[in-house]
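In what follows, a structure is listed as structure tokens, so that the remarks can point back to it.
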Amino acid sequence: MEDPVQLKDEGNKYFQDNDYENAIKSYTKALKLTNDKALQAALYRNRAACFLKKESYVQVASDASRAIDIDPADIKALYRRSQALEKLGKLDQAFKDIQRCATIEPRNKNFQEILRRLGAEIQEKLKIQFSTDARVQKMFEILLDENSDKEKREKAANNLIVLGREEAGAERIFQNNGLPLLVRLIETKNPELILAAVRTLSGMCTGHKARATAILHLLGIDNICMWMSIDHEEISLAVSHLLQTIIDSLTGEGKKDEHGKEDALVLDTKKDLKKITMHLLDMLPNKKVSGQGRDRALNLLNKNVPRKDQRNHDNSRTLFVVDNGLKKILKIAGQIPDLPNCLPLTENTQLTTSVLLNKLYDDLRCDPERDNFRELCEEYIQSKIDPKDMDKTLHAIQVVSGVLQGPLDLGNKLLGMKGVMEMMVALCGSDREIDQLVAVEALIHASTKLSRATFIITNGISLLKEIYKKTKNEKIKIRALVGLCKLGSAGGTDYGLRQFAEGSTEKLAKQCRKWLCNPTIDTRTRKWAIEGLAYLTLDADVKDDFVEDEPAMQAMFELSKTSDKTILYSVASVLVNCTNSYDVKEILPELVQLAKFSKQHVPEQHPKDKKDFVEKRVKRLLKAGVTSVLVCMVKADSAILTDQTKELLARVFLALCDDPKDRGTIVAQGGGKALIPLALEGTDAGKIRASHALAKIAAVSNPDIAFPGERVYEVVRPLVSLLNTERDGLQNFEALRGLTNFSGRSDKLRQKIIKEKAMPEVENYMFENHDQLRQAATECMCNLVVNKEVQERFLADGNDRLKLIILLCGEDDEKVQNAAAGALAMLTAAQKKLCHKLTQVTPQWLEILQRLCIHDQLDVQYRGLVIVYNLIHADQELAKKLVESEMLEILTIIGKQEDNPNRQHVLKVARDCLIKFMDYGFIKPVSQS
């Protein structure tokens, strides 16, 4: 059995080695094994010290209190609890503890100083508290007084919002009966006052579980959903943001850095979260809810129900929604805007519903869960198919259409249900416009994958061609055309595999561009023209024609900036096709020969897909203002901006950033800022491409202009993510160049780079065989060594960092030499200990230094001489070693050279070295004869 005293000693040793996790484990084990009160007190006291180092202040206070319970005069425990309480904002309690410390040790100056400081802080806090209370009351008086001056009310509303965002202010509003007053502001029906109240409440809920729970209960989820349902975009959005803030606080997602302040409160939030989900689901089929409100509810469900990380096995929230709300979601998917009994919708509602269905289906973990989902869908569709009631049947087909835009596999299974395909064909032949519209759209969504669409390809093309030829209705004609485009693009970018006769693809595209530019056609129909181009632009002739057609490009750009976000994927697809930023499989020549021999099809590249054509298209898009369009698309606060769409946007950005000359334009139009969210969220492929585009910009731009303010710190992580062996050499190289640029800007940026664990990666690339990568990594390190923490790492024992830098100074590559010599010059100037260490880590140090000092390149020579200067000034013994070597002769030859403005800095350092030798008495000045 383990001995508690031994475990305590073991914990102490871990503590001295800064290994606080293991120290805590040792102390915890010991506590379970002993009943000795004195030993328990020591263990609690020591464990509190570990938690203090880890900034877990609630645990510090808890352990220190236990030690004090055993020994009320335990001065170390009292002092530790005082420090923790101060960090937790409990100044009065911290003051009492330090007062007891000062009573036990009255001569301790540190305790006296802390007493004075805390006393002053408590006075200041009380002063602020009283003034804040008065300000809060005054603000509410102004806001609730209908006769108040408009300007005064606006100012009071803004001040209240600001106050709600501050911890002290939020607490004062909360304690001073502020919530009922905020509810009164919401009930005034005045939009400005409602917005001020809702935004204040959002600030008060941020990162504070207890307050968010109290606010949720006091306002009531019914009221919050009712306010979100109103037909006022700004208010609906603000209330949706409030509800998201409450959800984040309840789940612990949006936590402020309070180091455990909240952990002391144990609140069961599952019941509240379930209630919120249930109310959001009830909003969906409710006729009283506005289209805006329905979108907000769908977006909140999209964001909070499916798991964000598949490694977390708990998908209970999704299962709850499937069991309690799938049919409500399907009802929205099946709405037909042109029918009289349609619920209020926006242009984005139904695609957001399809996205939700897709996310829920993807979140299921096993076949029985997926079978249950499918059966619920089949039951719902079956209940709607009624040959006697065409409107009901339309609803069923629209549901299938909605599912096909979401989980495609499931949609294909639903297509195979008895009566579905027959109904679609029958509706195509109907005389009613709405029947044809719904059927054709369903056919389009069904013809997505070549392998899955065999029925559609055999029957669909003839059906769609017939509709296209016969109909006089432009709306139906354009949709039928898109179906044909989609089926016709099954060969992808392969020039040899074409569904249509030569030239007909261009004709279809010309027709799409014509519709797109026609402002008399309704937006929903023009949108389908872009959908058609998304498929047709896989053909290189079509993409070349499109970028030459300025009105068509501008029409597409204008549509992409409207509130209708269903267009995002199609626009992004057109741009990916035009810039050729899709993945192209490399074709091995041996396989081509083999395929020809066995008479198999060999993919061919279109002549207009070659590099120079792609470059011309990119330039035309940039000139047409594509960057500002992409920036606008990234800002879409909607579930419709799916990870797949983000990936497409990232691909386009990367293609646009290819030429360094264009990067300034991209930055000026907000491209740098827009790339950050794309690099942090989305598919892996999307994040890599956005990070690479950021690296290209970071490598050549002034970071203060490209990423102003705090934004620059967000760029560091994406750049560091490119420093691994899974990324290609160009991505590694450009990320290193970007980090080099950043690390030369400020110590705060250097600190961020170190915090993101870039140092080991940069060091790895300094060993790289590839010259350019080695050079970029060494240049980056040259900038990083200015930082104190990096210098400490070079000083630490047990690593070869300094040796590596010295050896790199002896490389043949001049750029690597220059960067390594710069790093060594800065290290030896900052840390005298490194001057000594330099002579011990490798016997080649002197030879390498001498080579630097006689280098042909002035920059390298200068850096070498600065290292020598640093060694001489660091220590007389080191100077002696240098005097006794050939270095004296080298310095003398350089020092005796004639003055030369271009070389003066070099001559000066050499002469300063010789003067220091004289000061030490190692050499004498040449006597005048």
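In this note's numbering, the protein residues as written are 0 to 928. In this text, a Cβ means the ideal position worked out from N, Cα and C, and glycines have one as well.
Item                                                                                                                                                                                           : Value
With a threshold of 8 Å, are at least 3 pairs of Cβ atoms found where one atom belongs to the stretch 294-306 and the other to the stretch 271-286?                                            : yes
Sorted by chain position, which residues of the same chain lie with C-beta nearer than 7 Å to Gly491's C-beta, five sequence neighbours on each side aside?                                    : Because Gly491 sits at a pLDDT of 43, beneath the cut-off of 50, its placement in the model cannot be relied upon, and the following sentence gives the value as read from the coordinates. Correct list, in chain order: Leu537.
Below 8 Å on the Cβ atoms is my contact criterion, and I expect Val932 with Arg773 to pass it. Report the Cβ-Cβ distance as a whole number of Å.                                               : The structure shown does not extend to residue 932, since the chain is modelled only from 0 through 928, so no value can be given for it.
I think Asn869 touches Ala909, with their Cβ atoms under 8 Å apart; what is that distance to the nearest whole Å?                                                                              : Their Cβ separation, rounded to whole angstroms, is 14 Å, which puts Asn869 and Ala909 out of contact at 8 Å.
Residues in the same chain with beta-carbon distance under 8 Å from Phe545, minus the five sequence neighbours each way, listed in chain order, please.                                        : Ala508, Arg512, Leu532, Thr536, Ala551, Met552, Val573, Cys577
Output needed for Leu77: all residues of its chain with C-beta closer than 6 Å, excluding positions within five of it in sequence on either side, in chain order.                              : Asp96, Arg99, Cys100
Counting only the same chain and skipping the five closest in sequence on each side, list residues whose C-beta sits under 6 Å from that of Tyr379.                                            : Lys326, Leu329
For Thr813, collect the residues of the same chain with a Cβ closer than 7 Å to its Cβ; drop the 5 residues on either side in sequence, then sort them by chain order.                         : The question names Thr, yet the displayed sequence has Glu at residue 813. For Glu813, where only same-chain residues beyond five positions count, the Cβ hits under 7 Å are Gln856, Val859.
So, are the CB atoms of Phe50 and Gln39 less than 7 Å apart?                                                                                                                                   : no
Under 6 Å Cβ to Cβ from Tyr764, same chain only, skipping five residues before and after it: list those, please.                                                                               : Leu772, Ala776
Among the candidates Asn817, Thr739, Gln243, whose CA atom is the shortest distance from the CA of Leu722?                                                                                     : Thr739
Can you find the residues in the same chain that come closer than 8 Å, C-beta to C-beta, to Ala873, ignoring five residues on each side of it along the sequence?                              : Thr827, Lys831, Cys834, His835
Does the stretch 339-354 come within contact of the stretch 363-380, defined as at least 3 CB pairs closer than 8 Å?                                                                           : no
Suppose contacts are defined by Cβ-Cβ distances below 7 Å. Is Arg616 in contact with Arg650 by that definition?                                                                                : no
Which residue marks the beginning of the alpha helix (DSSP H) containing Met758, and which one marks its end?                                                                                  : 758-765
Distance cutoff 7 Å, beta carbons only. Does Glu186 sit that close to anything in chain C?                                                                                                     : As a matter of chain content, chain C is missing from the structure shown, which is built from one protein chain.
Between Lys911 and the rest of its own chain, which residues show a CB-CB distance below 8 Å, the 5 nearest in sequence each way excluded?                                                     : Per the sequence presented here, residue 911 reads as Asp, with Lys not at that position. Around Asp911: Tyr868.
According to the Cβ coordinates, are Arg662 and Val699 closer than 7 Å?                                                                                                                        : yes
Of all the alpha helix (DSSP H) runs that stay within the bounds of the stretch 177-209, which reach a length of 4 or more residues?                                                           : 177-185, 190-204
Express the C-alpha separation of Gly163 and Met138 in angstroms, rounding to a whole number.                                                                                                  : 12 Å
For Ala479, which option in Leu463, Lys468, Pro305, Glu473 has the closest C-alpha, if you only look at C-alpha atoms?                                                                         : Leu463
Give the range of the alpha helix (DSSP H) segment to which Arg80 is assigned.                                                                                                                 : 74-86
When you compare only the Cα positions, how much space is there between Ala694 and Leu640?                                                                                                     : 24 Å
Taking only three categories from DSSP, how would you classify Lys929?                                                                                                                         : With the chain covering 0 to 928 only, the question about residue 929 has no answer from this structure.
Excluding the five sequence neighbours on either side, which residues of its own chain have a C-beta within less than 6 Å of the C-beta of Lys915, listed in chain order?                      : Ile871
At what residue ranges does the stretch 805-887 contain a whole run of the alpha helix (DSSP H), taking only runs of 4 or more?                                                                : 813-829, 831-840, 844-852, 857-873, 875-882
Taking the alpha carbon of Ser580 as the point to measure from, which residue in Asp521, Cys656, Asp35 has its own alpha carbon closest?                                                       : Cys656
Return helix, strand or coil for Thr519, following the three-state DSSP convention.                                                                                                            : coil
According to the neighbour-count rule (16 or more other Cβ atoms, all chains shown, within 10 Å of its Cβ), is Met917 buried or exposed?                                                       : exposed
Tell me which same chain residues have a C-beta within less than 7 Å of the C-beta of Ser884, skipping the five on either side of it?                                                          : Leu845
Starting from the C-beta of Lys255, find all residues in its chain whose C-beta is less than 6 Å away, skip the five residues before and the five after it, and write them out in chain order. : For Lys255, the pLDDT reaches just 47, beneath the cut-off of 50, and the residue's location in the model is therefore unreliable, leaving the point undetermined.
Find out if the Cβ-Cβ distance for the pair Leu783, Ser742 is shorter than 7 Å.                                                                                                                : yes
Quick one: measure Cβ to Cβ for Arg716 and Glu760, integer angstroms, because I've assumed they're closer than 8 Å.                                                                            : That pair is no contact at about 12 Å.
Select from Val630, Lys471, Asn45 the residue whose C-alpha is nearest the C-alpha of Asp431.                                                                                                  : Checking the sequence shown, residue 431 turns out to be Arg, not Asp. Of Val630, Lys471, Asn45, the residue nearest in Cα terms is Lys471.
Leaving aside the five residues before and after Ser25 along the sequence, list all residues of the same chain whose C-beta is less than 8 Å from its C-beta, in chain order.                  : Leu6, Lys7, Glu9, Gly10, Tyr13
Can you look up Pro71 in the DSSP assignment and give me helix, strand or coil?                                                                                                                : coil
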